[in-house]
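Remarks on the structure that follows.
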Amino acid sequence: MNDRYDPGYGDDQYELVGYDEYGRPVYRQVPAQQTQQQTYDPYAQQQQQGYGYDPYATTGQQPPAAYDYGTGQQQQSAYGSYDPYASGQHQHGTAPHDPYGQAAAGAGTAQQPRVAEQTAHIPQQAGPADEEDVRDRPEREYHTEQFAFVEDPDDNSEDVIDWLKFTENRTERREEARRRARSRIVALVVVLALAAVGGVGYLWYAGKLPALSSDDSATGTATAAGAQKRDVIVVHLHDTKGGGTATALLVDNTTTKRGTTVLLPNSLALTSDDGTTTTLAKSVEDDGSDGTRDALDTVLGTDIQGTWRLDTPYLQNLVDLVGNIDVDTDTDVPDPGAEKKGAAPLVNQGKAQTLSGKMAVAYATYRAPGEAQNAQLERFGQVLQGVLRKLSSDPQAATTTIQTLAQILDPSLTDKDLGTFLAGLSDLAKGGDYRTDLLPVRTDGTLSAQASEGVVKNVLGGTAKSPDKDAAVSVSVQNASGVKDNTEKARVVLLNGGFTFLEGGTPGSAQATSKVTYADAAGKADAAEVAKTLGLPEGSVTKGRISAGADIAVVLGQDYKPSSD
984 MNDRYDPGYG DDQYELVGYD EYGRPVYRQV PAQQTQQQTY DPYAQQQQQG YGYDPYATTG
1044 QQPPAAYDYG TGQQQQSAYG SYDPYASGQH QHGTAPHDPY GQAAAGAGTA QQPRVAEQTA
1104 HIPQQAGPAD EEDVRDRPER EYHTEQFAFV EDPDDNSEDV IDWLKFTENR TERREEARRR
1164 ARSRIVALVV VLALAAVGGV GYLWYAGKLP ALSSDDSATG TATAAGAQKR DVIVVHLHDT
1224 KGGGTATALL VDNTTTKRGT TVLLPNSLAL TSDDGTTTTL AKSVEDDGSD GTRDALDTVL
1284 GTDIQGTWRL DTPYLQNLVD LVGNIDVDTD TDVPDPGAEK KGAAPLVNQG KAQTLSGKMA
1344 VAYATYRAPG EAQNAQLERF GQVLQGVLRK LSSDPQAATT TIQTLAQILD PSLTDKDLGT
1404 FLAGLSDLAK GGDYRTDLLP VRTDGTLSAQ ASEGVVKNVL GGTAKSPDKD AAVSVSVQNA
1464 SGVKDNTEKA RVVLLNGGFT FLEGGTPGSA QATSKVTYAD AAGKADAAEV AKTLGLPEGS
1524 VTKGRISAGA DIAVVLGQDY KPSSD
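Heads up: the sequence shown runs through residues 984 to 1548, numbered per my numbering.
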């Protein structure tokens, strides 16, 4: 740490030589010997006599000569040179500028000589370093960072650069945002295109495209209908209280992953075991499950794996086990157990009606007066599809449900086989890959070309083969006698007489007299033979319009008396 450089401190001697422009005293070190060399000091100050120390007064030396730049010679005038900081008067008598009033304070004093700046120091400031210390110190190195002001731009330049950078960055961000948006749009379009192609490919593979579906057509791109694998069972609903049956085929197409219920009208013409023509309803009652299954295989060209006989009490239990079903009902169904008329219906017409087991049985077997059997058959199909939607898709759980029913199944169909089969259909029904189709049948019970192409070929994968009736006359019988058994009795009589029987249903009201109608003159003899076979008078035969598919139309009236045999 340096010592303070004060006058009188240490061995060095200092003397006052004057004051600076701020009024502070200026000292210098007294030299050991006065130098004889004169130096020019343009900043030396003149002092008034008596005010400051005059080195020339004590030593007897002449003041240094001023150098004349005009002539290049020194002038020996003691105070002839211009001293702007002199505190005394000028040699010509003119008072110089005195900013600190030193002239007034030093009136009558002697003038002060000029002082070399190198030896003048202000008190309280560090003095000059010793020569030895200066020599011992290493030469100071200067670095560019000490002169940072050379490279630092001014404030305005930095503001301009910052603004340019901000504008450039904002433009770049906008361009980058546009590029990202375009990239996202392109990616989205690509994803949607791939999804569309994949969806169409899946529908094509599954055969669900409208133009390629096996349900509509068998084009070359889809698997041929005959080559598709199907599992088929036949279901017979037996109404244990009201009588009658309803039949449907459950089809699981494992190739196209679609399920279908094919409703079979009772008037479908079949060939019985003895080779005679019969109807589906009569075959179920007379020939049983085995005979009916074989007859259906012959007519439809199918391969039915088993028969499921479903009596109405088991249907009721099945609906209760799956937890009720939801059906879009098409009519109100009265309560069969109501004691008086006008009671509230058991089943209401409407969308998504929840049906219990009892309600489901009533709806599936309901047939309004004068209504065709197909209407009741379609209700049965709705109940079947509702059950499949609620049944478990797990084969083990579905098998447990079937075993809980404790019904007696056909030997060809076990509980496990039926449970596994129904579980597969349930999965299709829940996924929307299930539908119900009605097999179109003519009034004579034969299959039309539409039925052969639309349902028999595409859905069942078979070929329609209606019974051969080249030599037989088809007779459509409508029972208007009011006696239900008369239809069956007339059927037996006609079949025994070599005619083909076609059930024509029941009209809405009874008729008093019977009527036998033929369409043209060629059928008059056949009509007369039919009347004779049924025991009807010759006057009941008349010419008129009959339904397509039948050669002769018969209406049984109240005058019909079946033969005792």
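Glycine included, each C-beta is placed from N, C-alpha and C at the ideal position.
In this text, all values refer to a predicted model and were calculated from it rather than measured experimentally.
What first and last residue would you give for the beta strand (DSSP E) that runs through S1457?
-> 1457 to 1462
Determine, using beta carbons only, whether Y1346 and V1366 come nearer to each other than 8 Å.
-> yes
For T1500, which beta-bridge partners are listed by DSSP?
-> T1525, A1536
Per DSSP, which residues does G1242 bridge with? Please list them.
-> D1235, Y1417
Just reading off the beta strand (DSSP E) that G1364 is part of, what are its end residues?
-> It is not in any beta strand (DSSP E) - G1364 instead sits in the alpha helix (DSSP H) that spans 1356 to 1373.
Can you round the beta-carbon distance between V1476 and L1411 to whole angstroms, since I take them to be within the 8 Å contact cut?
-> With a Cβ gap of about 46 Å, V1476 and L1411 do not count as contacting.
Given 8 Å as the limit, is there contact between the segment 1386 to 1397 and the segment 1218 to 1226, that is, 3 or more CB pairs closer than that?
-> no
Could you say if the segment 1418 to 1437 and the segment 1231 to 1250 meet the contact criterion of at least three C-beta pairs nearer than 8 Å?
-> yes
Helix, strand or coil for T1262, going by three-state DSSP, please let me know.
-> strand
Under the three-state DSSP convention, the category L1430 falls into | strand
Grab the span of the alpha helix (DSSP H) containing G1340 for me, first residue to last.
-> 1340 to 1348
Are three or more beta carbon pairs between the segment 1531 to 1543 and the segment 1483 to 1493 nearer than 8 Å?
-> yes
So what does T1223 bridge to, in DSSP terms?
-> Bridge partners of T1223: none, in fact.
Is Q1379 closer than 8 Å to D1398 when the C-beta atoms are compared?
-> no
Excluding the five sequence neighbours on either side, which residues of its own chain have a C-beta within less than 8 Å of the C-beta of V1316, listed in chain order?
-> P1328, L1329, V1330, M1342, A1345, Y1346, Y1349
Distance, Cα to Cα, V1000 vs R1011?
-> 7 Å
Examine the Cβ distances between the segment 1429 to 1449 and the segment 1369 to 1384 and report whether three or more of them are shorter than 8 Å.
-> no
From the DSSP output, which residues share a beta bridge with E1512?
-> DSSP output for E1512 lists no bridge partner at all.
Cβ-based burial, Y1005 [other Cβ within 10 Å; buried from 16] | exposed
What number of angstroms, rounded off, separates the C-alpha of L1175 from the C-alpha of R1167?
-> 12 Å
What whole-angstrom Cβ distance do R1474 and K1265 have, given they're in contact under 8 Å?
-> 7 Å
Strand pairing of L1485, partner residues [DSSP] | S1459
Which residue or residues does DSSP assign as beta-bridge partners of I1385?
-> According to DSSP, which records beta bridges pairwise, I1385 is partnered with nothing at all.
Thinking V1013 and Y997 are a contact (beta carbons under 8 Å), I'd like their distance in whole angstroms, please.
-> 7 Å
Out of curiosity, what's the CA-to-CA distance linking D1318 and K1324?
-> 10 Å
Which residues in the same chain have their Cβ closer than 8 Å to the Cβ of A1495, if we skip the five residues on either side of it in sequence?
-> G1540, Q1541, D1542
DSSP-derived helix/strand/coil call for L1443 | coil
Rounded straight-line distance, which links the Cα of S1375 to that of R1161 | 53 Å
By the 10 Å Cβ neighbour count, where 16 or more other Cβ atoms means buried, how is Q1211 classified, buried or exposed?
-> buried
Over what stretch of residues does the alpha helix (DSSP H) that includes P1296 continue unbroken?
-> 1295 to 1305
Indicate the three-state DSSP secondary structure (helix, strand or coil) for A1335 in the structure shown.
-> strand
Name the DSSP beta bridge partners of I1216, please?
-> L1233, G1289
Between F1404 and I1216, is the Cβ-Cβ spacing less than 8 Å?
-> yes
Just the C-alpha distance for L1443 and E1322, rounded to the nearest angstrom, thanks.
-> 45 Å
Under a three-way DSSP split, which group does D1256 fall into?
-> coil
Cβ-based neighbour list, T976, same chain, cut-off 8 Å, excluding 5 preceding and 5 following = In the structure as shown, the chain begins at 984 and stops at 1548. Residue 976 is therefore absent and cannot be evaluated.
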